[in-house]
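Taking it in order: structure first as C-alpha cells, then the write-up.
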Amino acid sequence: MLHYLSIKGKQKLKGSVCISGAKNAALPLLAATLLSKNEITLSNIPEVVDVKTLLKLLENLGAKTNLEKNIVTINTVPVKSACANYDIVRKMRASILTLGPLLARFGHCEVSMPGGCAIGQRPIDLHLKALEQMGATIELKQGYVVAKAPDGLKGTTIIFDKVTVTGSENILMAAALAHGVTKLVNVAKEPEVVQLCEFLKEAGVSIDGIGTSNLTIVGSYGELLDLKDIKVIPDRIEAGTYLCAGAITNSKITIVNVIPKHIESITLKLKQMGFNFNINENSITLLPALEIKPSDIETSEYPGFPTDVQAQFMALCTQANGTSIIDEKLFENRFMHVSEMTRMGANIKLKGHSATVEGNMDLIGADVMATDLRASSALVLAALVAKGTTRIHRIYHLDRGYENLEGKFSALGANIERLEE
Ligand code: EPZ
855 MLHYLSIKGK QKLKGSVCIS GAKNAALPLL AATLLSKNEI TLSNIPEVVD VKTLLKLLEN
915 LGAKTNLEKN IVTINTVPVK SACANYDIVR KMRASILTLG PLLARFGHCE VSMPGGCAIG
975 QRPIDLHLKA LEQMGATIEL KQGYVVAKAP DGLKGTTIIF DKVTVTGSEN ILMAAALAHG
1035 VTKLVNVAKE PEVVQLCEFL KEAGVSIDGI GTSNLTIVGS YGELLDLKDI KVIPDRIEAG
1095 TYLCAGAITN SKITIVNVIP KHIESITLKL KQMGFNFNIN ENSITLLPAL EIKPSDIETS
1155 EYPGFPTDVQ AQFMALCTQA NGTSIIDEKL FENRFMHVSE MTRMGANIKL KGHSATVEGN
1215 MDLIGADVMA TDLRASSALV LAALVAKGTT RIHRIYHLDR GYENLEGKFS ALGANIERLE
1275 E
C-alpha cells in the first residue's frame, strides 16, 4: 500500500525529540557480524527499512536474526552461502558491505553489483581495487561481483584514491580477517567508520590510528572474531535534519540522544545563520534567530559539512534574509529536491555542482515527490513553512532512513499525517 505525508505549514515547533541510532553505523556493524564466531546483540538499532533489508539479506545467507524494540540479536555461525542475490541488493546499495566480510570468511563470494541511485552513479571501483590488492580475483558476471581469495586475503598497503565511507568499511572488515598487516591510507573518518573500528578492536583485532585517515590493522589469519555486544551511536544526519526543522520554523526545540561533536559542522553553520544553542553532554537546544542570515555551504567528508544534510539546508536557505550558495562536492546529482522545491515557490538556480538559493521566499504547499532519502526530508522541512497543505508522495524513500518521522514531528507540534494514496 502506498502512502503519502500531508503537512499543514506555518506551524511553530516546540518540545524535544529523541534521535534514533545511526542507520549508517548499524549497516556496517550488522555486516561485520558475518565475522563473528558467536551470537551477539546490537542495541539502539533504528527500525528503518534499510536495516530490515540487510537483516533479510543476512537471513537469506543463513544467519539467525531477531529485531524487536530496537535490539537485534544475530548469529551468523550457520551462514553457509556466500551469494548476496540481486533482488535484495537492488533494494539497498549498502548490501555491498557484505562483500568484504563474506570474501574474508569464505574465500569466495558473489554479491550483486549495487545499482546506481537517484543521487549518482555510486561506483564501487575503489572497493574492488582494494580487494584485488589484497590478493582477491574479481570478475563481473551478469551484474554480480564474483570474488575469489581461496588462500585468504593478504595484508598490504592500500591508498584510497578518494575517501569512500563504505569502501573504507568493506576493506576494514576484510583486513580484520586477512593474513598479516594491512595499512589503509586516506580512509574515511566518519563516526560510523570509527564505531566499526571500535567494534573490531573490542573483539581483539589490533587497529591503530582509529579516527585518523591512516589505519593499521593486524589480521586474524582467517580466525573468526569474538565480537562483543554494542550500542549503535546516535544518527548525526537525523539530528541535523531535526535541527534544520527547528531552524526553518525558527522554533526552540531540543534534540536528545546526540553526540554534539558529531554535528559540530552543522551547529557551527546554524550559528553563522543567526541561531544559538544550549549544548549539554547528550542534548542540544536550538534557540531561534532574530534574523536568519544566508550562508554558503560546501559539502565534504567528515568532519566537514555532511552531504546528507545538504538538501535540508537548502530548504532552510529559502527562508534566509539573502542569497546562499550551496556546493555539492561529493555526488554528481544530489539536487533532485530542487525541482520539487521550485514547485513550492523556491527560487534556486543550478549551475553544475552549485546551487544559488534566493532567500525570503514564501513557499506554497503543493503535491511533491520524494526522490531519495535526504531530499525527501528536505521536502518535509519546506512543507513545515509553506502556506497551506503539502502532500509528499513516494515516501518509501523516507522510510529507508528515518524512524517514526511523522510521530516525531507530531510530538514537536507539526501538523503532519501519513495517509493512503
Ligand atoms: C555513504 O555512502 C553513506 N551511506 C551515504 O549516505 C553518504 O552520502 C556517503 O557515504 C557520503 O558521506 C552509507 O554509509 C550506507 P562514498 P557511500 O563511497 O559509502 C565516490 C544516506 O543518505 N566513490 O563515501 O556509498 C562516490 O561516487 C546515504 O544515508 C567512487 O568513485 O559513499 C562519491 O562521489 C546516501 N568509487 C564519493 O566517492 C568507489 O568505489 C563518496 O562516496 C566508492 C565511492
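Positions 855 to 1275 (our numbering) are the ones given, in order, by the sequence shown.
A virtual CB, placed ideally from N, CA and C, is assigned to each residue, including glycine.
Owing to the predicted nature of the structure, the values given are computational and were not obtained by experimental measurement.
- Shortest gap from the CB of H981 to any heavy atom of the ligand EPZ: under 7 Å.
- Taken through DSSP and simplified to helix, strand or coil, S1067 comes out as coil.
- In this model, G1058 and S1178 are separated by some 48 Å (Cα to Cα).
- If only complete runs of 4 or more residues are kept, the segment 1245-1272 shows the alpha helix (DSSP H) at 1250-1253, 1259-1265, in order along the chain.
- The segment 994-1068 is shown to contain whole beta strand (DSSP E) runs of 3 or more residues at 998-1002, 1011-1013, 1035-1039, 1060-1062, in chain order.
- At a cut-off of 7 Å, the beta-carbon of R944 does not count as near the ligand EPZ: no heavy atom of the ligand is closer than that.
- The ligand EPZ has no heavy atom closer than 7 Å to the beta-carbon of I1013.
- Boundaries of the beta strand (DSSP E) around G869: 869-872.
- Listed in chain order, the beta strand (DSSP E) elements of length 3 or more contained wholly in the segment 1128-1170 are 1130-1133, 1137-1141.
- Under the DSSP assignment, E913 falls outside any beta strand (DSSP E), being part of the alpha helix (DSSP H) whose first and last residues are 903-914.
- Taking V1019 as reference, the option from G1065, L994, K1008 with the minimal CA-CA separation is G1065.
- Closest by C-alpha distance to M1168, out of T1153, T952, P1157, is T1153.
- Listed in chain order, the non-local C-beta contacts of G1213 below 8 Å within the same chain comprise I1146, P1148, C1171, T1172, Q1173, A1174, N1175, G1176, T1177, S1178, local neighbours out to five positions each way being set aside.
- Bounds of any beta strand (DSSP E) do not take in A1229; it lies within the alpha helix (DSSP H) bounded by 1227-1239.
- Judged by DSSP in its simplified three-state form, I1117 adopts helix.
- Closest by C-alpha distance to K995, out of L1031, C937, P1045, is C937.
- Distance between I1102 and R947, taken at the CA atoms: about 31 Å.
- Contact between N898 and V1086 is confirmed by a C-beta separation of about 4 Å, below the 8 Å threshold.
- Only exposed fits P932, as fewer than 16 other CB atoms lie within 10 angstroms of its CB.
- Boundaries of the beta strand (DSSP E) harbouring D1221: 1221-1223, taken from the DSSP string.
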